[in-house]
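Structure, as structure tokens:
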Amino acid sequence: MILGIGAALDQAGKIRGTVEDLRRYGFGADPAFEALIAEDGGRTVGLCLYFRSFSTWRGRPGAYVQDLYVDPACRGGGLGRRLLAACAARMAARGGTYIRLSVDAANGAAQGFYRRAGFRPAADDLIHQIDGEAFQRLAGEAP
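Just so you know, we're using the UniProt record's numbering here: the sequence shown kicks off at 1 and counts up by one.
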């Protein structure tokens, strides 16, 4: 599924995570994420990979959807929306009140999908990230 996301965005070469990474970080004693998997006849056709977050401004927990993917042959039937709804329901059961996510700037189809589902760009937030050597240097500065 993750490779399918990369291929759909013509960015498969950027994916460095492996199946072993998903097992290690998603299914151990302290999972870094949760996943909703959709199957059709034993074949995986959809994925919503998310993790819990907390908004100090809202004073409530929520979810950050890292990846949402539906097999191209299954698109248009509402599966993506059902996966998001299941994520929202799981979070609501834990007191959650929101879902955040980011969308590839070049993926107009996904942007339209999220708009139709009720998502809107956050006017006051910009995503920043640090990784690689810069991340290692920053981590090395800790007392």
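Glycine residues also receive a C-beta, built at the ideal position from the N, C-alpha and C atoms.
What you are looking at is a predicted structure, and each value in this text was computed from that prediction instead of being measured.
Taking its Cβ as the centre, do 16 or more other Cβ atoms sit within 10 Å of residue i, making it buried, or is it exposed?
i, result
"TYR25", "exposed"
"LEU138", "exposed"
"GLY96", "buried"
"GLY108", "exposed"
"ALA63", "buried"
"GLY118", "exposed"
"GLY77", "exposed"
"VAL45", "buried"
Could you give the distance in angstroms between the alpha-carbon of residue i and the alpha-carbon of residue j?
i, j, result
"ASP40", "ALA134", "42 Å"
"residue 186", "ALA29", "In this structure the chain extends from 1 to 143, so residue 186 is not present and cannot be described."
"LEU38", "GLU141", "It should be pointed out that residue 38 corresponds to Ala in this sequence rather than to Leu. When rounded, the distance between both Cα atoms is 42 Å."
"ALA32", "ARG94", "17 Å"
"TRP57", "ALA123", "15 Å"
"LEU79", "ILE130", "33 Å"
"LEU36", "ARG115", "21 Å"
"GLN66", "GLN136", "22 Å"
"LEU84", "GLY112", "15 Å"
"THR18", "LEU47", "16 Å"
Which stretch, first to last residue, makes up the alpha helix (DSSP H) that contains residue i?
i, result
"ALA63", "No alpha helix (DSSP H) holds ALA63; the beta strand (DSSP E) holding it covers 60-70."
"GLU133", "132-140"
"TYR114", "108-116"
"TYR25", "19-26"
Can you tell me where the beta strand (DSSP E) holding residue i begins and where it ends?
i, result
"CYS87", "Careful: CYS87 lies outside any beta strand (DSSP E), inside the alpha helix (DSSP H) at 79-93."
"ASP40", "34-40"
Quick one: does residue i have its CB under 8 Å from some CB of chain B?
i, result
"PHE54", "No chain B is part of this structure, which consists of one protein chain only."
Tell me, to the nearest whole angstrom, how far the beta carbon of residue i is from that of residue j; I am working on the premise that it is less than 8 Å.
i, j, result
"CYS87", "TYR50", "5 Å"
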